Amino acid sequence: MAERVGVYVCHCGSNIAGKVDVEEVAKWAGEHIDGVVVARDYKFMCSDLGQKIVEDDIKKEGLTRVVVAACSPHLHEKTFRRACANGGLNPYLLEMTNIREHCSWVHKDPAQATIKAKALVSAAAERVKYQEPLEPMFVDVNPTTLVVGGGIAGLQATLELADAGYPVVLVERLPSIGGHMAQFDKTFPTLDCSACILTPKMSEVGQHENVRLVTYAELEEVSGSVGNFKVKIRQKARKVDYDLCTGCGVCIEKCPRKVIDNEFEAGMGTRKAIYMPFPQAVPRVPVLDTESCIWFERQRCGACQKLCPTDAIKFDQEDEIIELNVGNIILATGWKPFDCTKMPQYGYGRLANVYTSMEFERLCNAAGPTNGKIVLRDGQTVPRSVAIVHCVGSRDLNHNAYCSSVCCMASLKMAHLVMEKTGAEVHSFYIDMRTNQKDYEEFYQRLLQEGVKFVRGKVSEVTDAARAPHEAGKTIVQCEDTLTGRQQRYPVDMVILMGALEPQADAREMGLKCGISCSMAGFYTERHPKLDPVATMTDGIFVAGACQGPKDIPASVVQGAAAAARVQGMITKGKVMIEPVVAKIDEEHCSGCRICNNMCPYNAIEFDATRGVSHVITALCKGCGTCVSACPANVISGAHFSNRQIFAEIKGALWDALGAEETPVSAEMSAP
Amino acid sequence: MSDDTFEPKIVGFMCNWCSYRAADLAGTARIAHAPNIRIIRVMCSGRVDPTFVLKALSLGADGVMIAGCHPGECHYIEQNYKAMRRFHMLRHTLRAMGVEDARVQLVWASAAEGQQLAEAIDRLVADVKALGPLGWSRNWAENGARLQALEDIINEHNEAMEVPR
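Taken in sequence, the protein lines are chains W and F. Last residue of the first sequence: 672 (this note's numbering), numbering continuous. Last residue of the second sequence: 165 (this note's numbering), numbering continuous.
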């Protein structure tokens with residue numbers, strides 16, 4: 001039976017119609033493409049009325065195939081599949097073609113854009129005739145969720161899910177959960193103590209009956225798909241028995257080896273070789289750093305082992321692989337601070353009194369190495385003047401083009417703390433002040449009132465080379481004040497560099513494990529930047545917090561909760577739909593050559609030795625189609641992407657090419 | 001053979017996960033590029049059967065772009081490597097048939113690389129413009145005997161292989 005095709009061309013307001021002559025495309029399709037019985041254009045196909053047109057036409061005109069020429073199928077394929085289903089047509093008999101992103105938005109010449117739109121419509125119309133009705137498959141969703149990263153975003157997601165009654169596994173790379181927020185002193189704009197609002201959440205996670213906490217561990221491998229992921233977690237050897245340890249801290253007290261803590265204290269303080277990063281750490285189980293431990297250096301000491309009241313110290317403990325099944329994964333892997341030594345003109349690492357923002361946070365923190373006293377590197381001098389340099393490594397094409405979004409507010413907070421604690425004069429060097437959240441601008445106004453001196457300009461150099469007597473012994477900040485247009489030198493005692501928020505060094509690697517991609521900057525790409533900010537292109541993998549882009553605490557919390565809500569939706573539904581795009585082998589005609597067997601990365605093709613043929617295990621097949629194109633006998637068919645469909649699409653796309661119209665080589669020729 | 005009015009027809013086979021999305025991104029970012037390319041979506045660059053390329057050329061395409069995820073970043077683990085292997089074999093065959101290398105290009109573009117993909121499309125169009133039309137399809141239109149010979153070969157081949165039609 002000849003198929004009855006309906007073609008619908010969307011104006012998308014003026015997004016498409018502004019460039020492509022949509023009426024002409026629809027009219028042309030109705031006249032020139034075989035089988036097209038209805039061809040319409042409409043202002044907004046995705047609107048309820050637009051969908052209604054499709055539904056009505058299916059019923060009234062007896063359409064057996066539908067083509068919608070509009071935006072990307074990644075945006076609205078689901079919408080129109082639903083419309084087809086409502087009209088009583090199998091949803092897989094729809095084909096969407098992209099005349100917005102791939103045509104009207106990227107081509108300048110309206111005539112050429114219209115020709116291309118015709119080609120795309122023609123390709124879709126030719127292809128759709130060969131599409132087959134398919135039935136989606138459903139799989140059960142495992143209610144357990146894996147959260148990767150125990151910073152504030154991960155903690156929020158964990159608590160939301162655990163409180164709702166669902167099991168959560170929280171994996172954290174470091175010995176304790178808490179993330180960067182645990183390092184901060186105060187939070188803007190309310191100036192409440194970071195630890196005071198964070199630690200209750202940490203202990204709640206640590207004690208929650210629905211949470212399995214796996215710290216000092218890394219996600220090693222992810223396989224499976226939405227609803228049923230299999231994950232491998234490497235539990236690094238703590239050298240301390242997790243179950244025996246009571247967290248009394250005798251081992252830490254007695255350990256004779258002190259080393260600089262580059263992790264939690266950002267190099268400002270020390271810790272022992274066996275340590276908990278900070279007093280409120282969760283879990284309260286120390287970690288032994290084998291690199292600095294005397295026992296691992298020369299088999300001496302062993303004080304911790306001898307003195308441990310529960311014999312929990314295990315020098316021979318090895319890494320362990322934990323295998324788990326989970327239904328969904330939330331990545332909340334956070335950020336890392338910019339390495340300020342990459343900007344040698346700012347003198348970090350060379351000039352003693354240049355600090356990174358992280359170092360300053362520890363310096364200022366009441367629980368930090370100086371008990372919250374703001375002093376210079378000599379450990380006693382209180383600075384009388386402080387310079388804060390914004391945008392170090394952000395909004396800088398040499399490093400990161402993006403704005404790190406939190407530094408303006410963090411610098412205001414630091415300026416306030418410096419003035420409050422030391423009474424020092426503060427200069428803040430900014431490019432633009434960005435204070436665009438609730439109560440942020442008010443905080444900025446408050447700091448202006450408090451007398452911070454804001455200088456608009458990008459600092460060109462920080463140096464200790466004095467040019468005048470009053471600069472001697474000072475750290476000098478050179479900057480063009482762009483409001484007065486003059487180069488100025490500011491001799492100060494202390495300089496704080498507001499380094500950029502960068503993606504974790506292994507963000508890309510982690511993304512690959514989970515099958516999600518990163519932006520050029522290295523932050524995870526969300527499914528839609530506005531409408532789907534925590535889902536990713538891979539079903540069942542969600543992102544939250546600064547791993548998706550620089551953000552402050554409130555925004556990270558919002559995303560953590562949002563990701564948890566999305567996961568809860570999946571769990572409550574109980575089943576997820578899996579696209580029926582899979583390969584199938586015509587076993588009757590399979591020659592048993594086994595070429596396809598090695599093509600499949602999922603081992604979804606099995607060889608039946610007794611019958612001498614291969615067959616596809618549908619549950620394992622992900623539908624890439626590589627085996628389809630590899631089969632020398634053409635007996636593997638790829639659902640929804642068959643040779644026949646693609647050949648027809650090629651033919652349609654070349655409707656205006658010489659020879660394509662009176663194509664003597666028929667589209668079906670080499671299709672099975 | 002090239003002249004100023006020649007607008008080559010290019011067929012692009014792009015994988016669903018990276019390069020098709022890169023083209024989408026080029027759209028949302030309004031990165032203008034040559035309108036000569038017509039993109040066909042496949043799930044993976046590994047799905048691109050060399051006969052797709054030959055089919056496109058025989059139906060009047062002057063050039064073909066195959067685009068996939070970067071090596072090591074394939075959504076299906078490693079299938080883009082298979083696309084790469086096939087591409088090189090196909091190129092070998094095409095050379096033997098006198099088709100210039102620049103007409104069929106393999107490109108890697110991640111979902112974030114709208115700009116790079118747009119540039120690659122412009123490059124391919126410029127390359128093919130410089131080479132002029134391929135005109136394979138004219139063979140069939142102008143010389144019926146050639147077409148008959150071709151169909152005979154295919155039929156003989158199919159009979160020999162007992163490939164189900």
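For glycine and all other residues, C-beta sits at the position ideal for the given N, C-alpha and C. As the structure is a computational prediction, the values presented were derived from the model and not from experiment.
8 angstroms contact criterion, which residue i and residue j should meet: CB distance rounded
i, j, result
"residue 495 of chain W", "residue 543 of chain W", "Between residue 543 of chain W and residue 495 of chain W the Cβ distance is about 34 angstroms, and since that is not below 8 angstroms, they are no contact."
"residue 153 of chain W", "residue 560 of chain W", "4 angstroms"
"residue 139 of chain W", "residue 575 of chain W", "7 angstroms"
"residue 177 of chain W", "residue 215 of chain W", "6 angstroms"
"residue 70 of chain W", "residue 76 of chain W", "6 angstroms"
"residue 127 of chain W", "residue 649 of chain W", "4 angstroms"
Nearest neighbour of residue i, chosen from the options [CA to CA]
i, options, result
"residue 32 of chain W", "W:122, W:98, W:96", "W:122"
"residue 116 of chain F", "F:15, F:25, F:6", "F:25"
"residue 284 of chain W", "W:425, W:105, W:203, W:379", "W:203"
"residue 74 of chain F", "F:155, F:151, F:9, F:14", "F:14"
"residue 432 of chain W", "W:134, W:486, W:104, W:404", "W:404"
"residue 5 of chain W", "W:572, W:78, W:458, W:96", "W:96"
"residue 430 of chain W", "W:370, W:480, W:420, W:622", "W:480"
"residue 442 of chain W", "W:119, W:255, W:413", "W:413"
"residue 340 of chain W", "W:286, W:499, W:406", "W:499"
"residue 360 of chain W", "W:520, W:383, W:92", "W:383"
"residue 337 of chain W", "W:497, W:489, W:13", "W:497"
"residue 141 of chain W", "W:13, W:380, W:325, W:523", "W:325"
"residue 2 of chain W", "W:28, W:504, W:131, W:51", "W:131"
"residue 592 of chain W", "W:606, W:482, W:519", "W:606"
"residue 287 of chain W", "W:314, W:388, W:299", "W:314"
"residue 653 of chain W", "F:65, F:105, F:56, F:112", "F:56"
"residue 257 of chain W", "W:224, W:159, W:297, W:237", "W:297"
Within chain W, the residues that residue i reaches when beta carbons sit closer than 9 angstroms
i, result
"residue 19 of chain F", "Under the 9 angstroms cutoff, chain W gives no residues; its nearest Cβ is about 12 angstroms from residue 19 of chain F."
"residue 5 of chain F", "Per Cβ cutoff of 9 angstroms: no residues; residue 5 of chain F is ~13 angstroms from chain W at best."
Nearest-angstrom Cα separation, counted from residue j out to residue i
i, j, result
"residue 425 of chain W", "residue 486 of chain W", "21 angstroms"
"residue 42 of chain W", "residue 528 of chain W", "25 angstroms"
"residue 8 of chain W", "residue 96 of chain F", "43 angstroms"
"residue 436 of chain W", "residue 184 of chain W", "21 angstroms"
"residue 94 of chain W", "residue 584 of chain W", "21 angstroms"
"residue 90 of chain W", "residue 83 of chain W", "10 angstroms"
"residue 136 of chain W", "residue 88 of chain W", "16 angstroms"
"residue 67 of chain W", "residue 410 of chain W", "52 angstroms"
"residue 2 of chain F", "residue 656 of chain W", "Only weak support exists for where residue 2 of chain F lies, its pLDDT of 45 falling under 50; the value from the coordinates is given anyway. Whole-angstrom Cα-Cα distance: 19 angstroms."
"residue 132 of chain F", "residue 101 of chain F", "13 angstroms"
"residue 662 of chain W", "residue 78 of chain F", "For residue 662 of chain W, the pLDDT reaches just 47, beneath the cut-off of 50, and the residue's location in the model is therefore unreliable, leaving the point undetermined."
"residue 179 of chain W", "residue 100 of chain W", "42 angstroms"
"residue 454 of chain W", "residue 428 of chain W", "5 angstroms"
"residue 106 of chain W", "residue 31 of chain F", "6 angstroms"
"residue 149 of chain W", "residue 272 of chain W", "25 angstroms"
"residue 165 of chain F", "residue 12 of chain F", "Only weak support exists for where residue 165 of chain F lies, its pLDDT of 47 falling under 50; the value from the coordinates is given anyway. Straight-line Cα distance between these residues: approximately 27 angstroms."
"residue 614 of chain W", "residue 52 of chain F", "24 angstroms"
"residue 199 of chain W", "residue 521 of chain W", "32 angstroms"
"residue 40 of chain F", "residue 402 of chain W", "33 angstroms"
Contact set between residue i and chain F, taken where Cβ atoms lie within less than 9 angstroms
i, result
"residue 405 of chain W", "Residues of chain F passing the Cβ test: none, with the nearest at roughly 19 angstroms."
"residue 119 of chain W", "9, 38"
"residue 74 of chain W", "16, 20, 21, 24"
Residue-level contact to chain A via CB, residue i, 8 angstroms cutoff
i, result
"residue 68 of chain W", "Chain labels in this structure do not include chain A; the protein chains are W and F."
Chain-ordered chain F contacts of residue i [CB-CB under 8 angstroms]
i, result
"residue 394 of chain W", "Per Cβ cutoff of 8 angstroms: no residues; residue 394 of chain W is ~19 angstroms from chain F at best."
Under 7 angstroms from the C-beta of residue i: neighbouring residues of chain W
i, result
"residue 66 of chain F", "Going along chain W, no residue has its Cβ under 7 angstroms from residue 66 of chain F, so there is no contact; the nearest lies around 12 angstroms."
Contact set between residue i and chain F, taken where Cβ atoms lie within less than 7 angstroms
i, result
"residue 628 of chain W", "47"
"residue 410 of chain W", "Within chain F, no residue comes near residue 410 of chain W; the closest Cβ sits about 27 angstroms away, beyond 7 angstroms."
| message | So if I threshold CB-CB distances at 8 angstroms, which residues from the region 116 to 132 of chain F count as touching chain W? | response | 118
| Within 9 angstroms of chain W by C-beta, residues of the region 77 to 107 of chain F in sequence order | Those residues of the region 77 to 107 of chain F that come within reach of chain W (Cβ to Cβ, closer than 9 angstroms) are 77, 78, 79, 82, 83, 86.
| chain W contacts made by the region 41 to 53 of chain F, where a contact means CB separation under 7 angstroms | Sequence-ordered contacts of the region 41 to 53 of chain F with chain W read 42, 43, 44, 46, 47, 48, 49, 51, 52 [C-beta pairs closer than 7 angstroms].
| request: For the region 599 to 626 of chain W, enumerate the residues whose C-beta is nearer than 7 angstroms to any C-beta of chain F, in chain order. | output: 599, 601, 622, 623, 624, 625, 626
| said: Under 8 angstroms, CB to CB, which of the residues in the region 101 to 115 of chain W have a partner in chain F? | reply: 101, 102, 103, 105, 106, 107, 108, 109, 112, 113, 115
| Contact list for the region 638 to 654 of chain W against chain F, Cβ threshold 8 angstroms | 638, 641, 643, 646, 647, 649, 650, 651, 653, 654
| query | Quick one, which residues of the region 329 to 355 of chain W are near chain F if we go by CB-CB under 8 angstroms, in chain order? | reply | none
| request: Anything in the region 509 to 530 of chain W with a Cβ closer than 9 angstroms to a Cβ of chain F? List those residues in chain order, please. | output: Here the close residues are 511, 512, 515, 517, 518, 519, 520, 521, 525, 529.
| message | So if I threshold CB-CB distances at 9 angstroms, which residues from the region 528 to 553 of chain W count as touching chain F? | response | 529, 537, 538
| request: Please list the residues of the region 133 to 154 of chain W that have a C-beta atom closer than 8 angstroms to any C-beta atom in chain F, keeping them in chain order. | output: none
| In the region 194 to 210 of chain W, which residues sit with their C-beta less than 8 angstroms from some C-beta in chain F, listed in chain order? | For the region 194 to 210 of chain W, the set of positions with a beta-carbon nearer than 8 angstroms to some beta-carbon of chain F is empty.
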